[in-house]
Structure formats: C-alpha cells, structure tokens
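Below is one structure, written out as structure tokens; the observations come after it.
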C-alpha cells in the first residue's frame, strides 16, 4: 500500500513538492493537500490543491475543493488524491469520504461525476432545491450529487492511475 512517505518520494522524483497542512479544533481537522513545482529564484508554482475537513468518525472525511492548474500536470491529480486517502488511512479513523459533484452546468457536472466514479465514489443522493436540502447545501456550497467513496479503494485506484502516467 502507498504511504504518505512513499508519495512524497514519488512527487520528488517527478520534480514536485507534496505538502499537507492539517489544523484542528475540538476533534475537527481542516486539511489542505498541495502540490507545487519548485523554481529557482522564484516562489513555488502551485499546480494543484485539495481542501476538506475530517470529523473523528469512520465516514468523517469531507472533501470540498479540488483544483489543478498549469502545464505538465498529468500526475498532479492522482498524487493529491492518493495523498489525501493515505493521510486519512494513516492519521484518522476515517475510512470513507464524501464530496459533492457540484451542478454548475450540466456538461461540467457529468464530467465531475465521471471523474469521481473513476476514483471509486458512488452516488448517495441529489442535493437540490427542497427544504431538507438547505442545510447540506449550505455546508457544501451548492446543489449537486452527493457522493461517497472508500478511502482504501480510492488509494488503490489513485495508485493505478499514477503508474499509467510516465
């Protein structure tokens, strides 16, 4: 199984820097996973990041914002996902994660759902405009498809994805 240490080594071998920031209050921990390219005499070039939070529960990992930008970023997404799942398995009681495939536009929503399914996430329920959806929509920041995935499966899928990238 991949570990955070082995993922940091893989990132270095690709000329990248992988870092996790974790801050907690009262059992809730905020998470930021970032991947950057070092540059000489310039600040790091941020290529991607994922933000979320963790509750001390088996299904307590919540993933919110994932962003990849720039050139030569093929391994960035898989490294970030793998690091996120490895951290959850190594450092928390979390064994599953939830995220929202936001519905900003229909085409983009379909792409997100397909992308998250590739990582092993499965649909839980649609968050729409109903009164019972208001609290989770406030939490997640919009409407869309709430999905859940197994951290171990996500780590395995990310690892396979990484091995396919030169």
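Residue numbers (UniProt numbering): 1 to 166.
Where a beta carbon is used, it is the ideal one built from N, C-alpha and C, also for glycine.
Quick caveat, the model's predicted, so the values are computed rather than measured.
How far does the beta strand (DSSP E) with residue i in it reach, from first residue to last?
i	result
residue 102	96 to 102
residue 152	Unbroken run through residue 152 is the alpha helix (DSSP H), 151 to 163; no beta strand (DSSP E).
residue 136	Looking at the DSSP string, residue 136 is not in any beta strand (DSSP E); the run it does join, the alpha helix (DSSP H), is 134 to 140.
residue 35	28 to 39
residue 2	It is not in any beta strand (DSSP E) - residue 2 carries neither H nor E in the DSSP assignment.
Do residue j and residue i count as a contact pair if the criterion is CB distance below 8 Å?
i	j	result
residue 148	residue 122	yes
residue 129	residue 143	yes
residue 31	residue 52	yes
residue 112	residue 101	yes
residue 84	residue 28	no
residue 94	residue 57	yes
residue 75	residue 158	no
residue 140	residue 127	yes
residue 66	residue 55	no
residue 96	residue 61	yes
residue 134	residue 1	no
Could you spell out the range, first to last residue, of the alpha helix (DSSP H) harbouring residue i?
i	result
residue 74	Element bounds for residue 74: n/a, residue is neither H nor E.
residue 14	Here residue 14 belongs to no alpha helix (DSSP H), and DSSP marks it neither H nor E.
residue 55	Unbroken run through residue 55: none, as it is neither H nor E.
residue 112	106 to 118
As a quick exercise: from the options, pick the residue whose alpha carbon is nearest that of residue i.
i	options	result
residue 63	91, 116, 8, 163	116
residue 12	100, 109, 31, 36	36
residue 80	90, 136, 23, 68	68
residue 86	16, 166, 153, 165	153
residue 73	46, 2, 5	46
residue 48	145, 56, 109, 78	78
residue 59	145, 162, 124	124
residue 136	98, 25, 26, 104	98
residue 71	16, 162, 163	16
residue 120	150, 103, 110, 106	150
residue 22	7, 114, 14, 92	92
Residues bridged to residue i by DSSP?
i	result
residue 123	147
residue 10	Looking at the DSSP assignment, residue 10 forms no beta bridge with any residue, so it has no partner.
residue 47	Answer by DSSP bridge pairing: none, since residue 47 is not bridged.
residue 18	35
residue 24	29
residue 65	51
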